[in-house]
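Novice: If you scroll down you'll find the structure; I have some questions about it.
4 protein chains.
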Amino acid sequence: MDEFDTYKPIYLQLADRIKLLIVSQELKAGEKLPSIRDMAIFYNVNPNTIQRTYSELEREDILVTKRGQGTFVTEQKEQLADLRGILKEEQILMFVQEMKEMGYNPDEIILGLQHYLKKGRGYE
Amino acid sequence: MDEFDTYKPIYLQLADRIKLLIVSQELKAGEKLPSIRDMAIFYNVNPNTIQRTYSELEREDILVTKRGQGTFVTEQKEQLADLRGILKEEQILMFVQEMKEMGYNPDEIILGLQHYLKKGRGYE
Amino acid sequence: MDEFDTYKPIYLQLADRIKLLIVSQELKAGEKLPSIRDMAIFYNVNPNTIQRTYSELEREDILVTKRGQGTFVTEQKEQLADLRGILKEEQILMFVQEMKEMGYNPDEIILGLQHYLKKGRGYE
Amino acid sequence: MDEFDTYKPIYLQLADRIKLLIVSQELKAGEKLPSIRDMAIFYNVNPNTIQRTYSELEREDILVTKRGQGTFVTEQKEQLADLRGILKEEQILMFVQEMKEMGYNPDEIILGLQHYLKKGRGYE
DNA sequence: GTGGTCTAGACCACA
DNA sequence: GTGGTCTAGACCACG
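Chains as they are written, first to last, in the numbering used here: chain A, 1 to 124; chain B, 125 to 248; chain C, 249 to 372; chain D, 373 to 496.
So this is what it looks like as structure tokens:
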């Protein structure tokens with residue numbers, strides 16, 4: 001693992017990846033995450049960067065840390081249940097806003113999207 | 125003019141606005157843009173920021189600078205004709221990619237979007 | 249036993265509990281405490297943590313360790329007699345100091361506290 | 373400036389000080405704070421530590437940062453108006469909780485506090 | 001000049 | 001072993 005975009009801080013990109021792992025059930029409620037140091041080695045990144053990622057996710061009530069034991073996915077399943085929905089809402093919100101700024105109206109947006117998806121692109 | 129979002133550099137937000145002016149034909153091919161200085165005053169922004177905006181748009185072949193005369197919208201109409209379409213494609217591409225990563229399939233994406241737009245949010 | 253706050257080290261929370269047991273006479277002067285091992289099992293905690301708790305209370309002359317025999321509440325009753333009063337004084341001192349730094353005067357402090365306690369919060 | 377307690381991270385102690393400056397009106401709404409580097413020199417601390425302080429306060433909507441311009445006290449006066457009250461509530465909450473754990477009832481708490489304040493201690 | 005991010009490496013408290 | 005904090009120093013984007 002070595003590749004990150006430049007448009008967004010690494011620690012937030014990692015946070016996004018972890019959110020996706022949780023949403024896709026590859027990380028389940030209560031499960032332990034790799035230690036900061038292991039994570040840092042795996043992603044070839046400084047431990048402080050992982051630390052920031054974990055802190056951010058803890059601030060969002062997605063992870064919890066237990067002193068001296070490690071970092072875990074929260075056990076509060078409502079938090080996680082919402083996560084998928086929240087991420088989706090955020091994406092849609094951003095998308096609609098940009099399209100709106102470009103002067104597209106709702107019907108045009110949906111049509112454009114349908115046209116795109118029907119071509120099968122993006123879902124090979 | 126004084127309000128900018130914080131999530132995106134001001135110079136790019138200004139670039140977006142200029143693109144929109146072009147797409148909506150308020151700025152036509154070959155037309156002269158205000159000087160950096162005037163722009164800076166109008167948007168209440170540092171001239172360096174406008175400078176960056178113009179550079180960015182030049183890099184995208186949307187503007188051209190003629191030394192001693194000012195900055196103009198390109199005369200190469202093909203560049204402009206496609207602009208709206210290109211911007212739209214980019215947005216859709218990014219959106220679909222993100223949704224796909226979160227495990228949504230095409231139908232779910234369209235449904236989610238319709239649900240969102242029907243509620244009227246984002247288009248008050 | 250499994251629940252601890254996260255804002256304060258577990259070993260100090262345990263020390264507080266033991267102090268309370270002494271103040272409330274559930275542990276009397278000279279009485280023997282459970283072994284570190286038993287305590288650790290009872291509280292479902294690492295033995296090192298109990299070790300620290302006992303050390304801390306020894307440092308405060310509340311417990312004494314007799315080699316080979318175990319850990320006991322001190323027999324010096326003056327130490328214990330004052331305990332409740334000392335703890336209270338410490339709390340009040342800290343509280344008043346913080347409120348003072350925030351610019352509250354004595355009357356405001358008492359009023360604020362009364363207002364809070366009358367609402368019944370904190371004493372459900 | 374060189375002295376910090378050890379019981380609490382420096383960056384949070386600095387955050388507390390800044391909150392007090394705001395509550396006591398020594399820092400007013402919209403006012404610019406010293407740059408991270410200047411602050412770091414003044415408190416004889418690493419710039420990263422100040423950075424954390426500012427980030428934390430921004431997360432609490434007390435400070436805002438303007439790209440390339442600096443860090444400012446928020447102009448949203450409601451946020452600041454609440455601040456004094458919030459800090460007070462927090463202090464009272466902590467205090468009452470500790471006293472409660474020690475077995476004091478509301479009347480005893482108020483009496484103890486009054487006794488303490490009447491002696492004039494803490495308000496020389 | 002401003003804040004934001006990142007690395008390298010250290011030390012500490014906690015379990 | 002774990003996470004949390006801090007320093008030192010670097011580079012970058014932004015205005």
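Glycine included, C-beta positions come from ideal geometry on N, C-alpha and C. From a predicted model like this one, the values you see are computed outputs, not experimental measurements.
Looking at the unbroken beta strand (DSSP E) that takes in Phe-196(B), where does it start and where does it end?
Specialist: Counted from its first residue, the second sequence places residue 196(B) at position 72. Where Phe-196(B) is concerned, the enclosing beta strand (DSSP E) stretches over 194–197.
Novice: Can you give me the C-alpha to C-alpha distance between Glu-248(B) and Gln-76(A), rounded to a whole angstrom?
Specialist: The count along the second sequence starts at 1 and reaches residue 248(B) at position 124. The count along the first sequence starts at 1 and reaches residue 76(A) at position 76. Low confidence applies to Glu-248(B): its pLDDT is 48, below 50, so where it sits in the model is not reliable enough to give any reading.
Novice: Between the stretch 268–279 of chain C and the stretch 230–244 of chain B, do three or more beta carbon pairs fall short of 8 Å?
Specialist: Cβ pair count under 8 Å is below three, so no.
Novice: Which bits of chain A does Asp-162(B) rub up against, with CB to CB less than 7 Å?
Specialist: Within the second sequence, the letter at position 38 stands for residue 162(B). None at all; the shortest Cβ gap to chain A is about 24 Å.
Novice: Are the beta-carbon atoms belonging to Met-347(C) and Lys-460(D) less than 9 Å from one another?
Specialist: Residue 347(C) sits at position 99 when you count from the first residue of the third sequence. Residue 460(D) sits at position 88 when you count from the first residue of the fourth sequence. Against a cut-off of 9 Å, the Cβ pair of Lys-460(D) and Met-347(C) comes out as a contact.
Novice: To be precise: take each residue of the stretch 478–491 of chain D, compare its Cβ to all Cβ atoms of chain C, and keep it if any distance is under 8 Å. Which residues remain?
Specialist: Listed by position, the residues of the stretch 478–491 of chain D near chain C (Cβ gap below 8 Å) are Pro-478, Ile-481, Ile-482, Gly-484, Leu-485, Gln-486, Tyr-488 and Leu-489.
Novice: How is Leu-27(A) classed by DSSP in three states: helix, strand or coil?
Specialist: Stepping through the first sequence from its first residue, residue 27(A) is reached at position 27. Of the three classes helix, strand and coil, the one that applies to Leu-27(A) here is coil, per DSSP.
Novice: Tell me the DSSP bridge mates of Leu-435(D)?
Specialist: Position 63 of the fourth sequence holds residue 435(D). Answer is Val-445(D), bridged to Leu-435(D).
Novice: Using a threshold of 9 Å, state whether the C-beta atoms of Leu-138(B) and Thr-177(B) are closer than that.
Specialist: Along the second sequence, read from residue 1 onward, the residue named residue 138(B) stands at position 14. Along the second sequence, read from residue 1 onward, the residue named residue 177(B) stands at position 53. Yes, the pair counts as a contact, with Cβ atoms nearer than the cut-off.
Novice: For Lys-490(D), which beta-bridge partners are listed by DSSP?
Specialist: To locate residue 490(D), count along the fourth sequence from 1; it is residue 118. For Lys-490(D), which the question treats as bridged, DSSP gives no partner whatsoever.
Novice: Under the assumption that Pro-419(D) contacts Ile-408(D) (Cβ atoms under 8 Å), give the Cβ distance between them as a whole number of angstroms.
Specialist: Here residue 419(D) is taken as the residue at index 47 of the fourth sequence, counted from 1. Here residue 408(D) is taken as the residue at index 36 of the fourth sequence, counted from 1. About 5 Å separates the two Cβ atoms, so the contact holds.
Novice: On a Cα-Cα basis, can you pick out the residue from Ile-422(D), Thr-443(D) and Lys-380(D) that is closest to Lys-400(D)?
Specialist: Translated into the one-based positions of the fourth sequence, residue 400(D) becomes position 28. The residue with the shortest Cα to Cα distance from Lys-400(D) is Thr-443(D).
Novice: Using only the alpha-carbon positions, how far apart do Gly-236(B) and Gly-112(A) sit?
Specialist: Locating residue 236(B) in the second sequence gives position 112, where the first residue counts as 1. Locating residue 112(A) in the first sequence gives position 112, where the first residue counts as 1. In a straight line, the C-alpha of Gly-236(B) is about 15 Å away from that of Gly-112(A).
Novice: Three-state secondary structure (DSSP) at Lys-404(D)?
Specialist: Taking the first residue of the fourth sequence as position 1, residue 404(D) is located at position 32. Strand at Lys-404(D).
Novice: Give the C-beta separation of Ile-10(A) and Thr-65(A) to the nearest angstrom, bearing in mind that I take them to be a contact with Cβ-Cβ under 8 Å.
Specialist: Position 10 of the first sequence, counted from the first residue, corresponds to residue 10(A). Position 65 of the first sequence, counted from the first residue, corresponds to residue 65(A). The Cβ separation is near 20 Å, so there is no contact.
Novice: At a CB-CB cut-off below 8 Å, which residues of chain A make contact with Gln-149(B)?
Specialist: Residue numbering aside, residue 149(B) sits at position 25 when the second sequence is read from its first letter. Per Cβ cutoff of 8 Å: no residues; Gln-149(B) is ~11 Å from chain A at best.
Novice: Under the three-state reduction of DSSP, which class applies to Glu-251(C): helix, strand or coil?
Specialist: Within the third sequence, residue 251(C) is the residue found at index 3, counting from 1. Coil at Glu-251(C), not helix or strand.
Novice: Can you check whether the C-beta of Val-220(B) is within less than 9 Å of a C-beta belonging to chain A?
Specialist: Here residue 220(B) is taken as the residue at index 96 of the second sequence, counted from 1. Judged by the 9 Å Cβ criterion, Val-220(B) is in contact with chain A.
Novice: Does chain D have any CB closer than 9 Å to the CB of Glu-309(C)?
Specialist: As a position in the third sequence, residue 309(C) is number 61, starting the count at 1. It is Asp, not Glu, that sits at residue 309(C) in the sequence shown. Closer than 9 Å: no.
Novice: Going straight from the alpha carbon of Met-125(B) to that of Phe-166(B), what length do you get?
Specialist: For this step, residue 125(B) is matched to residue 1 along the second sequence. For this step, residue 166(B) is matched to residue 42 along the second sequence. Caution is warranted here: a pLDDT of 49 is assigned to Met-125(B), below 50, making its placement in the model unreliable, and the coordinate value is therefore given only provisionally. For Met-125(B) and Phe-166(B), the distance between alpha carbons rounds to 7 Å.
Novice: I want to see whether chain B comes within less than 9 Å of Tyr-104(A), judged by CB atoms only; does it?
Specialist: As a working mapping, residue 104(A) is identified with position 104 in the first sequence. At least one chain B Cβ lies under 9 Å of Tyr-104(A).
Novice: Classify Gln-25(A) as buried or exposed, calling it buried when 16 or more other Cβ atoms lie within 10 Å of its own Cβ.
Specialist: The residue you call residue 25(A) lines up with position 25 of the first sequence. So Gln-25(A) ends up on the exposed side.
Novice: Residues of the stretch 253–283 of chain C in Cβ contact with chain D at a cutoff of 9 Å, in chain order, please.
Specialist: The residues in question are Asp-264, Arg-265, Lys-267, Leu-268, Val-271 and Ser-272.
Novice: Specify the secondary structure class of Lys-267(C) as computed by DSSP and reduced to three states.
Specialist: For the purposes of this step, residue 267(C) is taken as the residue at position 19 of the third sequence. Looking at Lys-267(C) - three-state DSSP - the assignment turns out to be helix.
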